[in-house]
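Chemist:
Protein chains: 4
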Amino acid sequence: MDYSENRPIYMQIVDHFCDQILRKKWTAGDRIPSVREIAVKMEVNPNTAIRAFHYLQDEGILYNERGVGYFVSDNAFELVISLKREEFIKNKLPGFYNDMKLLGFSCSDLDELYSEHHGEG
Amino acid sequence: MDYSENRPIYMQIVDHFCDQILRKKWTAGDRIPSVREIAVKMEVNPNTAIRAFHYLQDEGILYNERGVGYFVSDNAFELVISLKREEFIKNKLPGFYNDMKLLGFSCSDLDELYSEHHGEG
Amino acid sequence: MDYSENRPIYMQIVDHFCDQILRKKWTAGDRIPSVREIAVKMEVNPNTAIRAFHYLQDEGILYNERGVGYFVSDNAFELVISLKREEFIKNKLPGFYNDMKLLGFSCSDLDELYSEHHGEG
Amino acid sequence: MDYSENRPIYMQIVDHFCDQILRKKWTAGDRIPSVREIAVKMEVNPNTAIRAFHYLQDEGILYNERGVGYFVSDNAFELVISLKREEFIKNKLPGFYNDMKLLGFSCSDLDELYSEHHGEG
DNA sequence: GTGGTCTAGACCACC
DNA sequence: GTGGTCTAGACCACA
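Chains as they are written, first to last, in our numbering: chain A, 1 to 121; chain B, 1001 to 1121; chain C, 2001 to 2121; chain D, 3001 to 3121.
#1: What is the DSSP secondary structure of A:Y70, counted as helix, strand or coil?
#2: Can you list, in chain order, the residues of its chain with a C-beta nearer than 6 Å to that of A:R31? Leave out the 5 residues immediately preceding and following it.
#3: I need the DSSP call for B:E1087, collapsed to helix, strand or coil.
#4: Indicate the three-state DSSP secondary structure (helix, strand or coil) for A:R7 in the structure shown.
#5: Please report the straight-line C-alpha distance between D:N3134 and C:E2065, rounded to a whole angstrom.
#6: Can a CB atom of chain A be found closer than 8 Å to the CB of B:Y1114?
#7: For a quick check, are the C-beta atoms of D:K3092 and C:F2096 less than 8 Å apart?
#8: By the three-class DSSP mapping on this structure, what secondary structure does D:E3130 have?
#9: Going by Cα to Cα distance, which pick from B:E1078, B:H1054, B:A1076, B:N1075 is closest to B:I1013?
#10: Residues of chain B with CB under 8 Å from A:D99, in chain order?
#11: Taking its Cβ as the centre, do 16 or more other Cβ atoms sit within 10 Å of D:Y3114, making it buried, or is it exposed?
#12: According to the neighbour-count rule (16 or more other Cβ atoms, all chains shown, within 10 Å of its Cβ), is C:V2080 buried or exposed?
#13: Per DSSP, D:E3065 forms a beta bridge with which residues?
#14: Beta carbon of A:V44, beta carbon of A:I9: below 8 Å?
#15: Interface residues of chain C around A:Y3 at Cβ under 9 Å?
#16: Is B:L1110 close to chain A, meaning its C-beta is less than 8 Å from at least one C-beta of that chain?
#17: Go ahead and pull the three-state DSSP assignment for B:R1031.
#18: Can the beta-carbon of B:H1118 be found closer than 8 Å to that of A:P46?
#19: Along the alpha helix (DSSP H) that carries D:K3101, what are the first and last residues, could you check?
#20: Would A:H16 count as contacting chain B if we go by Cβ distances under 8 Å?
#21: Ends of the alpha helix (DSSP H) at C:C2107?
#22: Is the CB of C:L1998 under 8 Å away from at least one CB in chain D?
#23: Would you mind stating whether A:C18 and B:S1108 have Cβ atoms separated by less than 8 Å?
#24: Out of curiosity, what's the CA-to-CA distance linking C:E2087 and B:L1062?
#25: Counting contacts by CB-CB distance shorter than 8 Å, is C:F2096 in contact with chain D?
#26: Counting only Cβ pairs nearer than 8 Å, list the residues of chain D close to C:L2022.
#27: Verify whether the separation of the beta carbon atoms of B:L1103 and A:R85 is less than 8 Å.
#28: Is the Cβ of D:I3050 closer than 8 Å to any Cβ of chain C?
#29: If we ignore side chains and look at the alpha-carbon of each, how far apart do A:D111 and C:F2077 end up?
#30: Could you confirm whether any beta carbon from chain D is found closer than 8 Å to the beta carbon of C:H2117?
#31: Can you pull the chain B neighbours of A:I81, defined as C-beta to C-beta under 8 Å?
#32: So, for D:M3001: in the same chain, excluding its five sequence neighbours on each side, which residues have a beta-carbon less than 8 Å away from its beta-carbon?
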């Protein structure tokens, strides 16, 4: 977890979970680690971990079985994809696109820019 | 000013000032409107406006003459460009690029995606 | 805090914090008192205290963990030393030195002058 | 005049006048340039120049003959010396001395430090 | 609990 | 007129 970043810790956990799902590390029906395990592994306050679980539960990506744990929903993959796609197009694309143009870059520059500055990271 | 946005008001003012400089509306040596004028025009508290002025003064983009007002530095344009370029490449590009790839888009899709969803906005 | 002095309150707080670091009262990784605690202890408005924290954060001397507090950076001591040294040599020394010469004092007089007028103060 | 410096413009003018007197450029009975001449030469608002004249008049260093101009008082040199000496010892010495010690310098270092960093300035 | 932001309004020095 | 500082108090997100 990056405490100095602007993004809230619990959203960084959410992002991490979505990544796991998008990369098929976690698939429908999988039981995911408990709140306590997550909190310990990520060195985070349990309250903070809970917020991430609740967020994903609200979105229908996880579901909870009382006394057992949290599980990946059947349609988690599709939900994550559509959620991310919508966020990407509505929130991230316009700002990024305008900045890009204002700074004199074009879409075809991006691959090169990325590999140049973050290629090995 | 967009109060619902995540970005603080004073940073939105900073962005606006940078825009003015990038678009050559304000050039080296120009006196920019007073704190009070900005506060009235943008409908914010003078203290909020001052925070934007201070931020840009720290960056060397503006300078102050006591009792007279704020002025655009000689190298303001270059400073803004390099500041924005650095922020773009270091902070915005990697997250955007990774999301883009993860969602199955490529750089050549961006122009189309943008004009489709934000073309007339 | 000395309200009659020319130096702003928040810079007096900054000076005090730097002193703590120079005197090794606060060392790398220490959590320093919260904004509210400082404000109460020094009898200033929390906003005034925050300005001091932000100043030192910008200089890299403190860093912040959201919801937790402010901490002393690893290289805080070196940063304070170099900051103070630079300020001393660039800003304070020339004016002082010129005054000293103009008034007919020499460096070897200083110890005596000081102990005579401020020795027991 | 240095508009970016902390010291007020009118005090910078005062300092300049005192310098002239200490260096015997201006001596008792000399008529000094008019407010307007000073304002033009120093590229300063006439009001600002006037404040400097008034300050020195209050201290007894200058006197005014209505319709004629400002003149250097008979005891101007002694007044400036004692004024500066007092200010030096009371206000400047203690802060400077403490900083010097805290940064690990001693009086005997000053000549070298000065000539090294400001020798040709 | 932590800090971050914003408003409203005051007072000041300076030009 | 200009900006600089400080206070008081509010609301918010985050841990």
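Note that the Cβ used here is the ideal one computed from N, Cα and C, for glycine as well.
Modeler: Short version:
#1: strand
#2: G69, F71
#3: helix
#4: coil
#5: In this structure chain D extends from 3001 to 3121, so residue 3134 of chain D is not present and cannot be described.
#6: yes
#7: yes
#8: Limits of chain D in this structure are 3001 at one end and 3121 at the other, which puts residue 3130 of chain D out of reach.
#9: B:H1054
#10: K1084, F1088, K1092
#11: buried
#12: buried
#13: D:G3069
#14: yes
#15: Y2063, N2064, E2065, R2066, V2068
#16: yes
#17: strand
#18: no
#19: 3093 to 3102
#20: no
#21: 2107 to 2118
#22: One cannot answer for residue 1998 of chain C here, as it falls past the ends of chain C, which runs 2001 to 2121.
#23: no
#24: 22 Å
#25: yes
#26: L3102
#27: yes
#28: no
#29: 41 Å
#30: yes
#31: L1103
#32: I3009, Q3012, I3013, M3042, E3043, V3044
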